[in-house]
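Peer 1: Quick note on UniProt numbering: the sequence shown kicks off at 1 and runs consecutively.
Don't be surprised by glycine CBs; every beta carbon is placed ideally from N, CA and C.
The structure that follows is given in the form of structure tokens.
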Amino acid sequence: METINVRFANPHDLDFIYNSLVDLFTEAQVIERFSQTKSSLLQILFTTSPGAEVLIAEIENLSVGFALFSMTNRNFPLFDGPGLYLHDLYVKEKYRRRGVATQLVNQLIELAKERSCTRIDWVLLTNNALGQNFYASIDSARPVSYIQYMRINCNDSAML
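Okay, here's the thing in structure tokens:
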């Protein structure tokens, strides 16, 4: 079995991260919602106070997948500690079903424990059958029945 290495991203990974995000949004049929540029990702991910972090999965020194995440205190009154929010999990199509996503999630779980997080949260597009099947294979991953995800688009909304 091939070895999957997981490491934190650095600025040299910017092209891989950007191109993989484009692939992810294209596959999800929501590319029109993708709003990042390489410059904006550089500012978000690789400053002294990054807004998010990325784990990179490699096989034979080739980047094949990533997990984009950040720390969160979302819904903090409900929980006894911070959480880790998984923004995106992506594996290049050629490398799927080789344990790459599992390795990335396992690394996220370890990282969350190291940072005293009590949970890992994420949202999943309803048309993402592959993702639904993957997350269903994780024993401790469950839909949260008491939360409905809502949004106000500040560019389109008037004040009440």
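Apply the 10 Å Cβ neighbour rule to residue 66 and answer buried if 16 or more other Cβ atoms are within range, or exposed otherwise.
Peer 2: Per the 10 Å Cβ criterion, buried.
Peer 1: Are the beta-carbon atoms belonging to residue 54 and residue 94 less than 9 Å from one another?
Peer 2: Against a cut-off of 9 Å, the Cβ pair of residue 94 and residue 54 comes out as no contact.
Peer 1: From the DSSP output, read off the bridge partner residues of residue 53.
Peer 2: DSSP output for residue 53 lists 69 as bridge partner(s).
Peer 1: Name the one or two DSSP bridge partners that residue 81 has.
Peer 2: Bridge partners of residue 81: none, in fact.
Peer 1: Kindly list the residues whose CB is nearer than 8 Å to the CB of residue 71, restricted to its own chain and excluding five residues on each side of it in sequence; keep chain order.
Peer 2: These residues qualify, in order along the chain: 82, 83, 84, 85, 115 and 117.
Peer 1: So residue 45 and residue 52 are supposed to be a Cβ contact under 8 Å. How far apart are they, rounded?
Peer 2: Sure, about 6 Å apart at Cβ, within 8 Å.
Peer 1: So residue 5 and residue 58 are in contact, right, with Cβ under 8 Å, and what is the actual spacing, rounded?
Peer 2: Between residue 58 and residue 5 the Cβ distance is about 5 Å, and since that is below 8 Å, they are a contact.
Peer 1: Measuring CB to CB, does residue 108 end up less than 9 Å from residue 69?
Peer 2: A contact, by the Cβ cut-off of 9 Å.
Peer 1: What do you reckon, are the CB atoms on residue 91 and residue 104 nearer than 9 Å?
Peer 2: Contact: yes.
Peer 1: In chain order, what residues of the same chain have a beta carbon less than 8 Å from the beta carbon of residue 25, not counting five sequence neighbours either side?
Peer 2: Correct list, in chain order: 31, 33 and 34.
Peer 1: Since residue 13 and residue 56 are thought to touch, with beta carbons under 8 Å apart, how far apart are those beta carbons, to the nearest angstrom?
Peer 2: Between residue 56 and residue 13 the Cβ distance is about 6 Å, and since that is below 8 Å, they are a contact.
Peer 1: Cβ of residue 68 versus every heavy atom of the ligand NAP: is any distance shorter than 8 Å?
Peer 2: Absence of the ligand NAP is noted for the structure shown, with no ligands found whatsoever.
Peer 1: Comparing C-alpha positions only, which one of 2, 36, 29 and 27 sits nearest to residue 15?
Peer 2: The candidate whose alpha carbon is nearest that of residue 15 is 36.
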